[in-house]
Amino acid sequence: MKKFSTNMALASLVTLILAPGMANAATDSTLPLEISGAIVSSEKCTVNIKPSLDLGEVVDTDIKTSDQAPQAMTGATTLSFENCASAESVLSVSLQGSADATDTSLLTNTSQSGAASNVGVGVWTFPDFKQLTVGGEASTFAKPAGVSNLGINLIVALAKTDGAKTIEPGQVTSSAQFKIDYL
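Numbered by mature numbering (1 follows the signal peptide of the UniProt record, and there is no 0), the letters in the sequence shown go through residues -25 to -1, 1 to 158 in order.
In C-alpha cells, the structure reads:
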C-alpha cells in the first residue's frame, strides 16, 4: 500500500507539472504580434562635381578683390544633385579648405614653385555672385517638390588677397571640399 501511495503521489506531481503544457497544447498555439512602421523617402541625393578645374591664364589686371564680383570668370562648374527624393527639401553648401592668410574668405595658393603672390582662389554662386567663403556660413538652396535633379552653378576665379598690393604673376594651385548638409 505504501508503494501505491508513493506511486500515486509521484503521478500526481507529474500531472501537476505537465498539465499546464497539455492545456496549452489543446488550445490555439498562435500568439498575436503587431508590427508597424513607415517607409520614408531618402532626402539624400547623388552629388557630383567635376574633380578638377583649369583656370587657364589670367591677366593680372583683370583680377579683383574678393568683395567684388569676378571680372575674369575663368572657371565654371556645377555642383549636381541627382536622383533626389521627390519631396521638397533644403540643403546647405559650405566651402572648406586652406584659407589664405591675408584674405581668409579665399582659398590659399598652394603652388610650390614659381607661385603667384597676392592671389587666392574664390568660389561664387552664379548668377547671383554670392561668395562661398572658406569655413564661412553655408549657403542654402531649395529643391522643389517633384524635382529629382538640382544644379548649383559655381564660378571659380582668382582674387587679390590685398587690394593695396600688386599681384606677382606665377602659378596658382588650390584645393577645396564642399560640405553638404540636408536640412
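Yeah, the Cβ is synthetic: ideal placement off N, Cα and C, and Gly gets one too. For clarity, every value in this text was computed on a predicted model and none was experimentally measured.
Among the options, the one whose alpha carbon lies nearest that of residue i
i, options, result
"E57", "K19, T85, K140", "K19"
"P39", "T79, K140, N23", "Going by the sequence as given, residue 39 is Lys instead of Pro. It is K140."
"V68", "L54, A62, D35", "L54"
"T49", "Y157, P144, I155, A134", "A134"
"G138", "S41, P45, G31, E112", "S41"
"D75", "P102, A91, A120, S64", "A91"
"E112", "L70, T77, L125", "L70"
"S61", "N124, D37, G145", "N124"
"G31", "Q146, Q87, Y157, T136", "Q146"
"G121", "E63, T36, Y157", "E63"
"S88", "Q152, D156, P144", "P144"
"C59", "V22, T83, D156", "V22"
"T108", "L158, L81, D35", "L81"
"V33", "D156, I142, L158", "I142"
"D35", "T136, Y157, I155, D156", "T136"
Own chain partners of residue i with C-beta closer than 8 Å, once the 5 adjacent residues on each side are dropped
i, result
"T85", "S73, T148, S149, S150"
Cβ-based neighbour list, residue i, same chain, cut-off 7 Å, excluding 5 preceding and 5 following
i, result
"N(-2)", "Here N(-2) scores only 49 on pLDDT, less than 50, and its place in the model should not be relied on; the value that follows carries that caveat. No residues qualify anywhere along the chain."
"T52", "I24, K25, L28, L129, V131"
"K(-24)", "For K(-24), the predicted structure reports a pLDDT of 48, less than 50, and the residue's modelled location is therefore unreliable. The matter cannot be settled from this model."
"G110", "Q71, A74"
"Q152", "Q71, G72"
"Q46", "D37, K39"
Residue range of the beta strand (DSSP E) that includes residue i
i, result
"G97", "94 to 100"
"E57", "50 to 57"
"L66", "64 to 72"
"L28", "It is not in any beta strand (DSSP E) - L28 carries neither H nor E in the DSSP assignment."
"S114", "114 to 118"
"G121", "No beta strand (DSSP E) contains G121, which DSSP labels as neither H nor E."
"K140", "Premise fails: K140 is in no beta strand (DSSP E) and is neither H nor E."
"D156", "151 to 157"
Cutoff 6 Å; reference residue i; Cβ partners in own chain excluding five residues on either side
i, result
"W99", "Q106, I130"
"A117", "V65"
"F101", "N128, I130"
"A44", "F104"
With 16 other Cβ atoms within 10 Å as the buried cut-off, status of residue i
i, result
"D78", "buried"
"N93", "buried"
"G95", "buried"
"T83", "buried"
"T115", "exposed"
"G126", "exposed"
Residues that DSSP places opposite residue i in a beta bridge
i, result
"T83", "Beta-bridge pairing links T83 to no other residue."
"Q146", "A90"
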